[in-house]
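Encoded as structure tokens, the structure appears first; notes follow it.
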Amino acid sequence: MRDEMAGIGRRCTAVLIDFVMLKLAMWPLGLAIRELTPSAAALSLLQFVIAVIYSTVFLTERGQTPGKIMVSLRALSSDGGTLNQRQTLVRSVVKWGCIFVPITAMNALLPLPMSVQRIGTEPPIVLPEVSPLLPVLVFLSSCLWFVLIVLTRRHKNGQAPHDRVAGTVVMRLP
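Quick look at the structure:
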């Protein structure tokens, strides 16, 4: 069974593809939201909700997100059946939470200017002071992601923590 399980390289590639697709899809929405709220953390929280919905819908309907389709992976229930809505929602919240919670925390510590400088016609934009906690948070986030990868690699069935919580496995397709 171990040979049929998805490798960490394919899984990371699928997550990266899904993340890039989500960022590209959320870019116009982000521009619109910035007019309503200057908070980068609120925008990141909205992106987390959209990522959970995206992943839940695709996994419930097909067992695959577009990233998984591109790298030939499929999520199944631990018993070999299709995923139910509870499994996909739990899996999506835990998976994207590990990615978006640190990003949201970093955005809360690093307020970005919301206006664009017009070169030559306006004075330069003064960037706000960076919190001394930001490098610590970046380091801790990197450690968290590294630990999650190690936990996935060392599990006998190659299950990531979000797979164990939701009772799912990710398999390679032939």
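Using this note's numbering, the letters of the sequence shown map in sequence onto residues 1 to 174. Don't be surprised by glycine CBs; every beta carbon is placed ideally from N, CA and C. Please read all numbers here as calculations on a predicted model, not as lab measurements.
Where residue 50 and residue 7 are concerned, what is the direct C-alpha to C-alpha distance, given to the nearest angstrom? 26 Å
Assigned exposure category for residue 157 - 16 Cβ within 10 Å defines buried: exposed
Count the other C-beta atoms from every protein chain shown that fall within 10 angstroms of the C-beta of residue 142, then say buried if there are 16 or more, exposed otherwise. exposed
For residue 168, three-class secondary structure by DSSP: strand
Roughly how many whole angstroms lie between the Cα atoms of residue 95 and residue 129? 31 Å
Relative to the C-alpha of residue 29, which residue among 15, 82 and 44 is closest? 44
Within the stretch 16–84, ranges of the beta strand (DSSP E) (whole runs, at least 3 residues): 73–77
Below 8 Å, how does it come out for the stretch 16–28 and the stretch 72–85: are there three or more Cβ pairs, yes or no? no
Pick from 92, 36 and 137 that is closest to residue 107, judged by C-alpha positions: 137
For residue 171, which of 102, 159 and 60 has the nearest alpha-carbon? 159
Go to residue 141, then tell me how far its alpha helix (DSSP H) extends in each direction, as first and last residue. 133–154
What is the rounded straight-line gap between the Cα of residue 39 and the Cα of residue 91? 27 Å
CA-CA distance, residue 150 and residue 144? 10 Å
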